[in-house]
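In the numbering used here, the protein residues as written are 195 to 716.
In this text, a Cβ means the ideal position worked out from N, Cα and C, and glycines have one as well.
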């Protein structure tokens, strides 16, 4: 026993093994693994390490961060590329991990400037949460993957606070529980810190269950089909005319059968599934576009179609990742060009600002980002749609909901990453968007995960990955007495950032005072 205690209390354990353990626990806390409860103790080893020994706190925070993000993002390495592109991908993943781990490192360093437990706890939780928010702000380099709040999306009752403060309020709560548990183990005002930690979980669960009862029962008012065609990359990526025709016929045949059997108001197809541009603003109609228009009219069903389109940009045309809405009269009503492109996959950051970047070839596509965020409309029902990566940015769907969307749609194609954690992480991140905006979210994926999420984050229906199928959704859309998203959602993360800045200024002022006292003593 004494030997074990000696090992646990050794400098090496405190400085390196405990932060490493935190990184591992964080990596195991997210879906699809069913170990999500670990999130409540995942940062306890790091906090204990920081409080026992205040030296090299930046390094220890960095060790936790790099371990976590390399586990959490390991699925990126499964991308099917070869040669120099594979090498560049490996380097890119490592650099991404190094960049993201800077935030836990800086959080640890700033927090450990405070000796008082209360100030340490406030700084640790607010800084970590504030950085989660700040790295989601821009569509050029924003990458909000790995926010702690997403770890609890398998437990809807525990994420209801997201309707008030977004995913960031859930993250803040998780962080405070970790801090309180750490302080209890360190016997820092034991009873004062542990009691809130013990009360928080059942209180929040009770609040979540209470919120469920607010959902009224009403008759369905719109019928929607989510098509999961399961067209694999070895087919979708081919340019052979025969394969392209096969792909077209597969989509139209499946949709025709479903339209005849169920008479839906809307059929939704996944991201970039249609093999031709539908309608370019600076080009004539493609002949294939008329097939879609005629089909929608003959089925008396509106279509939401994902495709690669083209937009004039300066003296040439650039591709756009687009969604087209075709009404049941065969009219192409509106298109949405993906605003939040995947960095280094769909474009190089700032290549629209610095055109010279388009000459750099790292194996990425050359998509032009969209600029507008607008809803689609079927009669008097509005809905907002996001393409793939856009679902991880809370502000994008918040804007659609604020503009009057009655429900939200996310179309994607996550087949690139096979049976890894990536597609599941992406899917479960969508769950919290439904809670934040208190409306249904429909997710349509080529190879999965296609699912229906209710306004409280409960998954009502789901299709497994790598299976061809569809979901028939009959939505009941009731106008809530409350306006969503709550205005506090836009204010809360900035309040957290403000607290982080105030505490940072306090540190700076104390540092200046210390220097003055030293000068006076001399």
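Determine the DSSP secondary structure at residue i, reduced to helix, strand or coil.
i, result
"residue 343", "helix"
"residue 460", "strand"
"residue 542", "coil"
"residue 443", "helix"
"residue 633", "coil"
"residue 468", "strand"
"residue 415", "coil"
"residue 195", "In this prediction, residue 195 scores a pLDDT of 40, lower than 50, which makes its location untrustworthy; the coordinate-derived value is nonetheless stated afterwards. Three-state DSSP puts residue 195 in coil, outside helix and strand."
"residue 532", "coil"
"residue 422", "strand"
"residue 321", "helix"
"residue 335", "coil"
"residue 293", "helix"
"residue 351", "helix"
"residue 622", "helix"
"residue 432", "coil"
"residue 574", "coil"
"residue 597", "coil"
"residue 650", "coil"
"residue 685", "helix"
"residue 642", "coil"
"residue 380", "coil"
"residue 703", "helix"
"residue 584", "helix"
Just confirm the distance between the C-beta atoms of residue i and residue j, as a whole number of angstroms; I'd bet it's less than 8 Å.
i, j, result
"residue 575", "residue 517", "Not confirmed; about 17 Å, so no contact."
"residue 609", "residue 427", "6 Å"
"residue 614", "residue 424", "With 8 Å as the limit, residue 614 and residue 424 do not qualify as a contact, their Cβ atoms being about 17 Å apart."
"residue 585", "residue 627", "6 Å"
"residue 505", "residue 562", "6 Å"
"residue 239", "residue 212", "4 Å"
"residue 257", "residue 369", "So it is not a contact: roughly 18 Å between Cβ atoms."
"residue 533", "residue 564", "5 Å"
"residue 289", "residue 611", "At roughly 19 Å, the Cβ-Cβ gap does not stay under 8 Å, so residue 289 and residue 611 are not in contact."
"residue 639", "residue 458", "With a Cβ gap of about 18 Å, residue 639 and residue 458 do not count as contacting."
"residue 439", "residue 629", "No, residue 439 and residue 629 are not in contact; Cβ-Cβ is about 42 Å, not under 8 Å."
Compare the C-alpha of residue i against each of the options and name the closest.
i, options, result
"residue 599", "423, 444 and 636", "636"
"residue 320", "362, 296, 595 and 591", "362"
"residue 297", "261, 667 and 431", "261"
"residue 497", "509, 421, 567 and 510", "421"
"residue 667", "443, 661 and 654", "654"
"residue 456", "217, 524 and 664", "664"
"residue 662", "530, 448, 525 and 650", "448"
"residue 649", "639, 706, 638 and 678", "678"
"residue 587", "257, 702 and 340", "340"
"residue 325", "685, 247, 294 and 617", "294"
"residue 309", "697, 670 and 710", "697"
"residue 471", "459, 512, 440 and 454", "512"
"residue 247", "569, 705 and 305", "305"
"residue 705", "307, 302 and 259", "307"
"residue 287", "429, 573, 263 and 643", "263"
"residue 568", "590, 360 and 282", "590"
"residue 303", "573, 244, 347 and 638", "244"
"residue 680", "531, 356 and 543", "356"
"residue 301", "322, 417 and 542", "322"
"residue 336", "684, 232, 542 and 694", "542"
"residue 228", "684, 347 and 701", "347"
Exposed or buried, what is residue i when buried is set at 16 or more other beta-carbons lying within 10 Å of its beta-carbon?
i, result
"residue 494", "exposed"
"residue 375", "buried"
"residue 712", "exposed"
"residue 682", "exposed"
"residue 523", "exposed"
"residue 703", "exposed"
"residue 525", "exposed"
"residue 434", "exposed"
"residue 521", "buried"
"residue 224", "buried"
"residue 692", "exposed"
"residue 209", "buried"
"residue 443", "exposed"
"residue 686", "buried"
"residue 644", "buried"
"residue 338", "buried"
"residue 466", "buried"
"residue 688", "exposed"
"residue 431", "exposed"
"residue 146", "Only positions 195 to 716 of the chain appear in this structure, which leaves residue 146 out of reach."
Does any C-beta atom of chain E lie closer than 8 Å to the C-beta of residue i?
i, result
"residue 262", "Among the chains in the structure shown there is no chain E, since it carries only a single protein chain."
Q: Just list the beta strand (DSSP E) runs in the stretch 474 to 529, keeping only unbroken ones of 3 residues or longer that don't cross its boundaries, in chain order.
A: Taking only runs of at least 3 residues, the beta strand (DSSP E) segments lying wholly in the stretch 474 to 529 are 496 to 507 and 510 to 520.
**Q.** 4-residue-minimum alpha helix (DSSP H) runs that sit fully inside the stretch 215 to 286, ordered along the chain
**A.** Secondary structure in the stretch 215 to 286: the alpha helix (DSSP H) runs of 4 residues or longer, each lying completely within the stretch, are 238 to 246 and 251 to 266 in chain order.
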